[in-house]
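Below is one structure; the comments refer to it alone.
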Amino acid sequence: MLERWIATIAACAAIALGSTHAWSAKGEATNVQQGKHVMQANLSFGLGENSDEIMRKAAVPIRKSTVSTALMYDASRIATGVEPVFELKDSRYGVLFPQATDIEFMSDSEEGARVRNIEVTFKVPAPPHDIKDQVALSAYDDAIYRYVMDVIARINRAGWKRFIAADSPRLGGLDTYVFDAPVSGQKYSPPPGIDYADPTYPLTLEQWKRLRAGGTVVWSWHVDTMFIDLQYTKDFRAADAPLVVGDQLNATIRTDETWLDAFGKDGDVTPDALRARYRGALPDMLATRRKAETMARAQGATILDHWNETVISGVPVHQ
């Protein structure tokens, strides 16, 4: 049952540490790909495909775990000794991603084991060991910048459209980023928190280096019934730290129905109930947006008043 799905997330960490839940691995060979060139995918599938069939046909080993009706799959350096190159399959909006250290996906046996969520942890450039080595840190920033911009460009080229949630202000460009100090051309700086940034506006390298240390930036897209959230977290770069932990880049790819899981309540997470709760929450979400846009406009920000709102699981933003 979908009611069990939310509880599944909490159980994933225990499974990753070797819990007693059933698991199996396809193959034992390590297949770590190296190099900076564009790699050929060795794990290719799309949302809605049968998860067991994906595992059976995959060119890399995959570990399977189960909790109740939830089915979880892991192809990663830690779980199965692979660093896969993942291709999101779709007849119109497919994306070939760069190499990852971890690919995890989920389905539910009571939903026909159709993939509803994919998590990608990218193999970003390794950080320097010495935080005081400014030359190495500058080269690292440059490498991370080019890596992240490449991933964003791949998604944009595939035809994905920027997504702005109903409770988020309709901002664009530099006004969607938080820097350690204002940059030229920026009219407005969002309040502290997760920065929901504009993936259609490419930052320059100098702007990139000014992103706040320890901050998280999320770029979001939607097409048809699919979402992609690309999340970048910048290292704190503390001067007294013994080492540079390194920046992180992750992607969450999910269906409309999975996105609506956030509106589950009291164990009732059936599709109809989720759509009804989302529809009912929209007036308050839009009120939150209007308040944020009023503040942003007062500070000089340009609001995208004619934004084409996303219809999620058949529910339009404006009723």
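Under mature numbering (1 follows the signal peptide of the UniProt record, and there is no 0), the letters of the sequence shown match residues -22 to -1, 1 to 297, in that order. By construction, the Cβ of each residue, glycine as well, lies at the ideal position given by its N, Cα and C atoms.
Here's a check: name, in chain order, each residue in its chain whose Cβ is nearer than 7 Å to the Cβ of M127, leaving out the five neighbours to either side.
Result list for M127: P180, in chain order.
Spatial neighbours of Y71 within its chain, please: C-beta separation below 8 Å, excluding the five flanking residues on both sides.
Close CB contacts of Y71 within its chain, under the 8 Å cut and outside five residues either way in sequence, are with A136, G137, W138, V201, D202 and M204 (chain order).
Between F241 and the rest of its own chain, which residues show a CB-CB distance below 6 Å, the 5 nearest in sequence each way excluded?
These residues qualify, in order along the chain: L252, R255 and Y256.
Taking the straight line between their C-alpha atoms, what separation do you get for R275 and I281?
The straight-line gap separating the alpha-carbon atoms of R275 and I281 is approximately 7 Å.
Rounded to the nearest angstrom, how far is the Cβ of G26 from that of K165, given a contact under 8 Å?
Going by Cβ atoms, the distance from G26 to K165 rounds to 41 Å, so no, they are not a contact pair.
Nearest-angstrom Cα distance between V293 and A114?
Taking the straight line from one Cα to the other gives about 49 Å.
Since I believe L21 is in contact with I96 (beta carbons under 8 Å), could you give me their beta-carbon distance rounded to a whole number of angstroms?
So it is not a contact: roughly 10 Å between Cβ atoms.
Counted within 10 angstroms of its Cβ, other Cβ atoms place D119 as buried (16 or more) or exposed:
Classification of D119: buried, given that the 10 Å Cβ count is 16 or more.
Closest to L149 by C-alpha separation, out of F214, A159 and P168, would be which residue?
That would be P168, whose Cα lies nearest to the Cα of L149.
For L221, the three-state DSSP class (helix, strand or coil)
Three-state DSSP puts L221 in coil, outside helix and strand.
Residue of Y210, I142, G192 and D283 minimising C-alpha distance to V289:
When only C-alpha atoms are compared, the closest one is I142.
Pick helix, strand or coil for I32, following the three-state DSSP scheme.
Helix, per DSSP.
Distance, Cα to Cα, V195 vs M273?
V195 and M273: Cα-Cα distance of roughly 21 Å.
Assign Q277 to one of three DSSP states: helix, strand, or coil.
Reduced to three states, the DSSP call for Q277 is coil.
In or out: S69 buried (at least 16 other Cβ within 10 Å) or exposed?
So S69 ends up on the exposed side.
Could you tell me if S198 is buried or exposed, where buried requires 16 or more neighbouring beta carbons within 10 angstroms of its beta carbon?
Answer is buried; the Cβ neighbour count reaches 16.
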